[in-house]
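**Q**
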Amino acid sequence: MVHQMNNNIKESILKHDRMVPRYTSYPTAPHFKSGATQDWYRKELEKIPARSPISLYVHVPFCSQLCWFCGCHTRVTSRYSAVGDYTDWLLQELSMLVPILAPKRLEVRYLHFGGGSPTMLRPSDFRRIVSRLRKIGDFTRDDLGVSVEIDPRAASADKLSAYQKCGVNRASLGVQDFNQQVMNAVNRSQDYDTCKRATDMCRAHGINNVNIDLMYGLPYQTRDSIRKTAEQALTLEPQRISLFGYAHVPWMKKHMRLIQEDALPSVEDRLDLFEDAAEVFENAGYVPIGIDHFCKESDNLVTALRSNCLSRNFQGYTDDNCPYLLAVGASGISRLGDVYVQNYVHLPPYRDRVLSGQFPFDKYCEMTESDKIRARVIEKMMCNLSVNPLGEAAGMGIPDHDFSGVYESIMPLVRDGLAQISSDGTVHALARQSARLICASFDQYLPHSSEARHVTSS
Ligand SMILES: C[S@@+](CC[C@H](N)C(=O)[O-])C[C@H]1O[C@@H](n2cnc3c(N)ncnc32)[C@H](O)[C@@H]1O
Ligand code: SF4
Numbered sequence: 003m004v005h006q007m008n009n010n011i012k013e014s015i016l017k018h019d020r021m022v023p024r025y026t027s028y029p030t031a032p033h034f035k036s037g038a039t040q041d042w043y044r045k046e047l048e049k050i051p052a053r054s055p056i057s058l059y060v061h062v063p064f065c066s067q068l069c070w071f072c073g074c075h076t077r078v079t080s081r082y083s084a085v086g087d088y089t090d091w092l093l094q095e096l097s098m099l100v101p102i103l104a105p106k107r108l109e110v111r112y113l114h115f116g117g118g119s120p121t122m123l124r125p126s127d128f129r130r131i132v133s134r135l136r137k138i139g140d141f142t143r144d145d146l147g148v149s150v151e152i153d154p155r156a157a158s159a160d161k162l163s164a165y166q167k168c169g170v171n172r173a174s175l176g177v178q179d180f181n182q183q184v185m186n187a188v189n190r191s192q193d194y195d196t197c198k199r200a201t202d203m204c205r206a207h208g209i210n211n212v213n214i215d216l217m218y219g220l221p222y223q224t225r226d227s228i229r230k231t232a233e234q235a236l237t238l239e240p241q242r243i244s245l246f247g248y249a250h251v252p253w254m255k256k257h258m259r260l261i262q263e264d265a266l267p268s269v270e271d272r273l274d275l276f277e278d279a280a281e282v283f284e285n286a287g288y289v290p291i292g293i294d295h296f297c298k299e300s301d302n303l304v305t306a307l308r309s310n311c312l313s314r315n316f317q318g319y320t321d322d323n324c325p326y327l328l329a330v331g332a333s334g335i336s337r338l339g340d341v342y343v344q345n346y347v348h349l350p351p352y353r354d355r356v357l358s359g360q361f362p363f364d365k366y367c368e369m370t371e372s373d374k375i376r377a378r379v380i381e382k383m384m385c386n387l388s389v390n391p392l393g394e395a396a397g398m399g400i401p402d403h404d405f406s407g408v409y410e411s412i413m414p415l416v417r418d419g420l421a422q423i424s425s426d427g428t429v430h431a432l433a434r435q436s437a438r439l440i441c442a443s444f445d446q447y448l449p450h451s452s453e454a455r456h457v458t459s460s
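Each position in the sequence shown, counted from 1, maps to that position plus 2 in our numbering.
1) May I have the straight-line CA-CA distance separating Pro101 from Val356, to the nearest angstrom?
2) Tell me the start and end of each unbroken beta strand (DSSP E) in the segment 303 to 352 that is at least 3 residues and wholly inside, in chain order.
3) Tell me whether the beta-carbon of Val110 lies closer than 8 Å to the beta-carbon of Ala173.
4) So, under 8 Å CB-CB, Ile335 and Ala31 are touching, yes? Tell me the CB distance rounded to an integer number of Å.
5) Is it the case that the CB of Ser174 approaches a heavy atom of ligand 2 more closely than 7 Å?
6) Please determine if the segment 216 to 234 and the segment 276 to 290 are in contact, where contact requires at least 3 C-beta pairs separated by less than 8 Å.
7) Which residues are close to ligand 2, meaning CB closer than 6 Å to any heavy atom, in chain order?
8) Using DSSP's beta-bridge definition, name the partner residues of Cys297.
9) So, does the CB of Pro29 fall closer than 8 Å to a CB anywhere in chain B?
10) For ligand 1, is there a heavy atom less than 7 Å away from the beta-carbon of Ala249?
11) Are Ala377 and Tyr59 closer than 8 Å when you measure CB to CB?
12) Check whether the segment 226 to 233 touches the segment 180 to 189, taking contact to mean three or more Cβ pairs, one atom from each stretch, closer than 8 Å.
13) Can you tell me whether Ala206 is buried or exposed? The criterion is at least 16 other CB atoms within 10 Å of its CB, across all chains shown.
14) Could you tell me which of Tyr447, Ala442, Ser436, Asp445 sits nearest to Ile15, measuring between CA atoms?
15) Enumerate in chain order the residues of its own chain whose CB-to-CB distance from Leu135 is below 7 Å, with the five nearest sequence positions on each side excluded.
16) For Val429, which three-state DSSP category applies?
17) Do Pro29 and Asp373 count as a contact pair if the criterion is CB distance below 8 Å?
18) Closest by CA to Ile375, which one among Gly407, Tyr248, Asp294, Pro391?
19) Could you give the DSSP three-state label for Ile380: helix, strand or coil?
20) Hey, is the segment 351 to 371 in contact with the segment 280 to 290, meaning 3+ C-beta pairs nearer than 8 Å?
21) Please confirm if the segment 72 to 88 is in contact with the segment 39 to 57, defined as three or more CB-CB distances below 8 Å between the two stretches.
22) Taking the continuous beta strand (DSSP E) assigned at Gln192, which residues delimit it?
23) Helix, strand or coil for Ala38, going by three-state DSSP, please let me know.
24) Would you kindly check if the distance between the Cβ of Val379 and the Cβ of Glu368 is under 8 Å?
25) In the structure shown, what three-state DSSP assignment does Met477 receive?
26) DSSP state of Leu260, grouped into three classes?
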């Protein structure tokens, strides 16, 4: 259903462009509330059934240099003691979880280290964290996935060797762009050779699934420069490529003010940049996944897409459909069945809670029936670029859910060629860029005015 972008579609996207979330969850994190008690959280953990599959996420909020485009929860440090202290707090948080979860003999399906830059951890600290994590559940599944986000500048043989020993089988490298004018403009000193060295090192240590993150919408990117970056990226033979649209939110992330705004591509140019890079990847045989991923035919995400099992969680697209995702570390968001729980984002309250023996969570969200249906519909739209809302609701045992207002709000997109509604009510995104706009129609929390500034743009 998704067509190569023609001028009419482009015009329509420009007409409807507004800031909408990326929907890595629904409700989205800004709508989580405060006020849950320690007891409540303990009970939620206790509800996880014995022997259930579970996925784990560890957040490492440190980097050695701040990229001015960065929208992640991280801070710059040159002192290892900050990272070392944080490791101790993480271990302490895990120690609180082990007595509740270990007796359940949970089957770990995925373990992901994200950040910030997990490569900030010394190998000894990485190993300490993994051995504590191993106490949470069973790590022996054949399809266990262990992945780490790698800052290519920080990759080293001793770290890769520790990852290999800890069972890491996928690495995501933050490449962003290879053009030096672009990289200088975002304060990231990194070149092609550094990225090549890092991918070679991963493979030399048996980590053959190498993903790379690229970005479009960065200052000074041109159609020529992004094509060149995309072609160079292919020489690294990545398994997956993420092509993220730079979300410029200087009112939320003050350091983004350092980016020269007049060097940023216009909304129209961003569309061209995305399409140009996408064309390079698709011509090379990569399969487009969702709104911003491209994968080799052999990749798990392609299998998941084709068997209608592709999922989306806080880490993006995944073939992980565990109902339980437990996140540890500052800012980590867990999904435990129908409940979201987010840890404190800032280090002092995170540290203080952990050191006083409390679970370090701040916000939570108990999904209502309507949230659950809409979360399912939004996830399907983000993954498959089409969804039958009534069918999904019926599949969840709620056939009479009222979507009437939603269809009405999708109609302007239909009229402008960005969406189509089939006779059975299935909604199709006719361009990758319209999927998020369609999802926004299902979002009951989204302010329908300029108040929506806390969310991210196309
Ligand atoms: C959590 S970061 C970790 C990657 C690692 N620290 C690195 O940069 O090498 C994951 C990815 O998010 C993307 N990213 C960061 N800030 C972004 C923003 N403001 N908008 C869109 N994508 C962003 C980048 O592509 C980055 O590689
Ligand atoms: S993009 Fe990665 S390396 Fe750059 S500041 Fe953000 S988390 Fe750190």
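All residues carry an ideal CB built from backbone N, CA and C; glycine is no exception. Bear in mind the structure is a predicted one, so any value in this text is a computation, not a measurement.
**A** Inspection of the coordinates gives the following:
1) Here the question's residue 101 lines up with position 99 in the sequence shown. Here the question's residue 356 lines up with position 354 in the sequence shown. Taking C-alpha positions only, Pro101 is separated from Val356 by approximately 15 Å.
2) Listed in chain order, they are 313 to 315, 318 to 320, 326 to 330, 335 to 338, 341 to 345.
3) Counted from its first residue, the sequence shown places residue 110 at position 108. Counted from its first residue, the sequence shown places residue 173 at position 171. In this structure, Ala173 does not lie closer than 8 Å to Val110 by Cβ.
4) Indexing the sequence shown from 1 puts residue 335 at position 333. Indexing the sequence shown from 1 puts residue 31 at position 29. Their Cβ separation, rounded to whole angstroms, is 6 Å, which keeps Ile335 and Ala31 in contact under 8 Å.
5) Indexing the sequence shown from 1 puts residue 174 at position 172. No, Cβ of Ser174 sits at least 7 Å from all heavy atoms of ligand 2.
6) Taking a cut-off of 8 Å for Cβ pairs, the segment 216 to 234 and the segment 276 to 290 touch, as three or more such pairs fall below it.
7) Residue selection by CB proximity (closer than 6 Å to any heavy atom of ligand 2) returns Cys65, Leu68, Cys69, Cys72, Cys74, Thr76, Gly117, Gly118, Ser119, Asp153, Gly176 in chain order.
8) Counting from one through the sequence shown, the residue named residue 297 turns up at place 295. Looking at the DSSP assignment, Cys297 forms a beta bridge with Arg242, Val289.
9) No chain B is part of this structure, which consists of one protein chain only.
10) Taking the first residue of the sequence shown as 1, we reach residue 249 at position 247. Residue side-chain check: Ala249 places its Cβ nearer than 7 Å to a non-hydrogen atom of ligand 1.
11) Position 375 of the sequence shown, counted from the start, is the residue given in the question as residue 377. Position 57 of the sequence shown, counted from the start, is the residue given in the question as residue 59. With contacts defined as CB atoms closer than 8 Å, Ala377 and Tyr59 fail to qualify as a contacting pair.
12) Contact between the segment 226 to 233 and the segment 180 to 189 is present, because at least three Cβ pairs lie under 8 Å.
13) Position 204 of the sequence shown, counted from the first residue, corresponds to residue 206. An exposed status is given to Ala206, since fewer than 16 other beta-carbon atoms sit within 10 Å of its beta-carbon.
14) Mapped onto the sequence shown, residue 15 falls at position 13. Per the Cα distances, Ser436.
15) Start at 1 with the first residue of the sequence shown, and residue 135 comes out as number 133. Cβ within range, chain order: Leu58, Leu96, Leu113.
16) The residue you call residue 429 lines up with position 427 of the sequence shown. Val429 falls in the strand class under three-state DSSP.
17) Here residue 373 refers to the residue found at position 371 of the sequence shown. Here residue 29 refers to the residue found at position 27 of the sequence shown. Taking 8 Å as the Cβ cut-off, Asp373 and Pro29 qualify as a contacting pair.
18) Numbered from 1 along the sequence shown, position 373 holds the residue referred to as residue 375. When each option's Cα is compared against that of Ile375, the closest is Pro391.
19) As a working note, residue 380 is residue 378 in the sequence shown. Here DSSP, grouped into helix, strand and coil, assigns Ile380 to helix.
20) By the Cβ rule, the segment 351 to 371 does not count as touching the segment 280 to 290, because fewer than three pairs are nearer than 8 Å.
21) Taking 8 Å as the limit for Cβ pairs, the verdict is that the segment 39 to 57 does not touch the segment 72 to 88.
22) One-based indexing of the sequence shown puts residue 192 at position 190. Unbroken run through Gln192: none, as it is neither H nor E.
23) Here residue 38 refers to the residue found at position 36 of the sequence shown. In the displayed model, Ala38 falls within coil according to three-state DSSP, outside both helix and strand.
24) Sequence index remark: in the sequence shown, residue 368 carries index 366 (1-based). Sequence index remark: in the sequence shown, residue 379 carries index 377 (1-based). Not a contact, by the Cβ cut-off of 8 Å.
25) In the structure as shown, the chain begins at 3 and stops at 460. Residue 477 is therefore absent and cannot be evaluated.
26) Against the sequence shown, residue 260 aligns to sequence position 258. It is helical.
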